[in-house]
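K.L.:
In numbering that gives the first Met the number 0, the protein residues as written are 0 to 261. Just so you know, even glycine gets a beta-carbon here, dropped at the ideal spot from N, CA and C. The structure's right below; bear with me while I get my questions together.
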Amino acid sequence: MKRNWLVGLMMAGMLALAGCGGQGDTSSTAPSTTETITVSAAASMQGALEELKADYVKKHNLKPEQINVVYAGSGTLRQQIEEGAPSSIFISANKKNMDQLNEKGLMDNIRPFVANTLVMIVPKGKDAVTLDNITNVKRVAIGTVETVPAGKYAKESLTKANLWDAVEPNIVFAKDVKAVGAYIAEGAADVGFVYKTDALALKDKVDISATVDAKLHAPIEYPIGIVKKNQNKLTEDFYAYLTSKEASEVLAKWGFAEPAQQ
């Protein structure tokens with residue numbers, strides 16, 4: 000009888016511990032928040048940012064739709080924010096668009112985020128095109144200069160190299176840097192100006208034919224900031240994650256460099 004009583008007591012204790020463990024597992028998998036945010040990011044950030052979002056969502060047990068990311072040319076995104084788009088975080092591929100929003104009192108916590116490099120790409124296996132022979136090709140793809148920073152850097156580089164007037168009649172303008180990459184990957188243009196990160200993402204379809212001399216254009220640095228009117232706790236926490244050392248390691252894997260000034 001005594002033995003049966005001891006066995007029963009042990010089993011009861013084990014069941015109680017199991018119950019506590021189950022409750023602990025339930026609480027540990029509960030979403031950290033039900034808030035939602037929208038991130039407006041330069042199109043060239045897509046590969047890296049999707050990985051960072053997936054990591055963050057998994058660690059915090061969020062639903063993927065709680066962090067919506069909109070990718071486009073930085074000028075387009077800036078215009079959308081000015082018109083009231085529900086963006087919480089803005090990552091621009093140049094300082095100018097961020098400064099324009101900041102001057103209107105729309106931004107907070109602006110800081111340098113990453114740096115990039117401008118390169119020239121050609122369809123996989125095709126002959127290299129550089130600034131030395133770019134006037135020999137029929138179709139040159141760049142982003143729309145007014146809204147796509149990579150297009151602005153491309154025009155600035157061609158202008159300083161005294162090539163813009165000769166190349167301009169052959170230019171095919173694209174809505175963003177991702178579209179430029181697609182033109183080259185599909186053979187719709189002979190050479191395109193994109194960021195190094197975009198070229199690496201398309202390495203199976205395009206070749207880097209040249210790196211544009213950084214002296215020919217302004218520094219390619221991406222600032223990040225919080226849109227004042229749409230911030231919440233999730234905004235602040237995701238911003239902190241994106242600017243963390245952990246995130247910088249992911250960004251480096253995608254070809255982004257540390258900005259000159261932190």
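Along the alpha helix (DSSP H) that carries isoleucine 80, what are the first and last residues, could you check?
P.N.:
That run of the alpha helix (DSSP H) goes 73-81.
K.L.:
Using 10 angstroms around the beta-carbon of leucine 16, count the other beta-carbons present and answer buried if the total reaches 16, otherwise exposed.
P.N.:
Confidence at leucine 16 is low in this model, with a pLDDT of 42, below 50, so its placement is unreliable and no value can be given for it.
K.L.:
Is isoleucine 90 near the ligand FAD - that is, is its Cβ less than 7 Å away from at least one heavy atom of it?
P.N.:
Among the ligands in the structure shown, none appear at all, so the ligand FAD cannot be discussed.
K.L.:
What span of residues does the beta strand (DSSP E) with aspartate 107 cover, start to end?
P.N.:
Segment 106-114, the beta strand (DSSP E) holding aspartate 107.
K.L.:
For the pair the stretch 84-91 and the stretch 230-240, tell me if three or more CB-CB distances fall below 8 Å.
P.N.:
Contact between the stretch 84-91 and the stretch 230-240 is present, because at least three Cβ pairs lie under 8 Å.
K.L.:
Spatial neighbours of valine 144 within its chain, please: CB distance less than 7 Å, with the 5 preceding and 5 following residues excluded, ordered by chain position.
P.N.:
Once the five neighbours on either side are set aside, the close Cβ partners of valine 144 are Gly150, Lys151, Lys154.
K.L.:
In the DSSP assignment, the alpha helix (DSSP H) including alanine 184 goes from what residue to what residue?
P.N.:
It spans 176-184 - the alpha helix (DSSP H) in which alanine 184 sits, taken as one unbroken run.
K.L.:
Among residues of its own chain, excluding the 5 on either side of lysine 52, which ones have a beta-carbon nearer than 7 Å to its beta-carbon?
P.N.:
Ile66, Val68.
K.L.:
Do alanine 188 and valine 139 have their beta-carbon atoms positioned less than 8 Å apart in this structure?
P.N.:
Result yes, Cβ atoms of valine 139 and alanine 188 sit closer than 8 Å.
K.L.:
Terminal residues of the continuous beta strand (DSSP E) containing glutamate 220?
P.N.:
Run containing glutamate 220: 220-226, per the beta strand (DSSP E) assignment.
K.L.:
Can you tell which of Phe112, His59, Tyr194 has the C-alpha that lies nearest to the C-alpha of valine 147?
P.N.:
Residue Tyr194 is the option with its Cα nearest to valine 147.
K.L.:
Could you check if threonine 33 is buried or exposed, using at least 16 other CB atoms within 10 Å of its CB as the buried criterion?
P.N.:
Counting Cβ neighbours within 10 Å, threonine 33 comes out exposed, since fewer than 16 surround it.
K.L.:
Leaving out the 5 sequence neighbours to the left and right, which residues in its chain are closer than 7 Å to asparagine 229 when beta-carbon positions are compared?
P.N.:
Pro85, Ser86, Ser87.
K.L.:
Indicate the three-state DSSP secondary structure (helix, strand or coil) for serine 43 in the structure shown.
P.N.:
Helix, per DSSP.
K.L.:
Would you be able to state if there are at least three C-beta pairs under 8 Å between the stretch 190-205 and the stretch 175-182?
P.N.:
Yes, the stretch 175-182 is in contact with the stretch 190-205.
K.L.:
Can you find a C-beta in chain C that's less than 8 Å from the C-beta of tyrosine 240?
P.N.:
Checking the listed chains, one finds no chain C in this structure; it contains a single protein chain.
K.L.:
Assign alanine 172 to one of three DSSP states: helix, strand, or coil.
P.N.:
Residue identity check: residue 172 is phenylalanine in the sequence provided, not alanine. Phenylalanine 172: strand per DSSP, three-state reduction.
K.L.:
Within a Cβ cutoff of 7 Å, which residues of the same chain sit near glycine 21, ignoring the five residues on either side of it in sequence?
P.N.:
For glycine 21, the predicted model reports a pLDDT of 42, less than 50, meaning its position is unreliable and no value from the coordinates is stated.
K.L.:
Any idea what DSSP makes of proline 148, helix, strand or coil?
P.N.:
DSSP places proline 148 in helix when its eight states are reduced to three.
K.L.:
By alpha-carbon positions, which one of His216, Asn115, Ser243 ends up nearest to alanine 160?
P.N.:
Checking every option, the nearest Cα to that of alanine 160 belongs to His216.
K.L.:
Apart from the five residues just before and just after isoleucine 80, which ones in its own chain have a Cβ nearer than 8 Å to its Cβ?
P.N.:
If we look at isoleucine 80 and ignore the five residues flanking it on each side, its Cβ neighbours are Ser39, Ser86, Phe89, Leu100, Leu105, Val226.
K.L.:
Give me the Cβ distance between isoleucine 170 and isoleucine 141, rounded to the nearest whole Å; I'm assuming they're in contact under 8 Å.
P.N.:
Indeed, because the Cβ distance is near 6 Å, the residues count as touching under 8 Å.
K.L.:
Below 6 Å CB to CB, which residues in the same chain sit around leucine 76 once its five sequence neighbours on both sides are set aside?
P.N.:
Excluding positions up to five away in sequence, the list reads Ser39.
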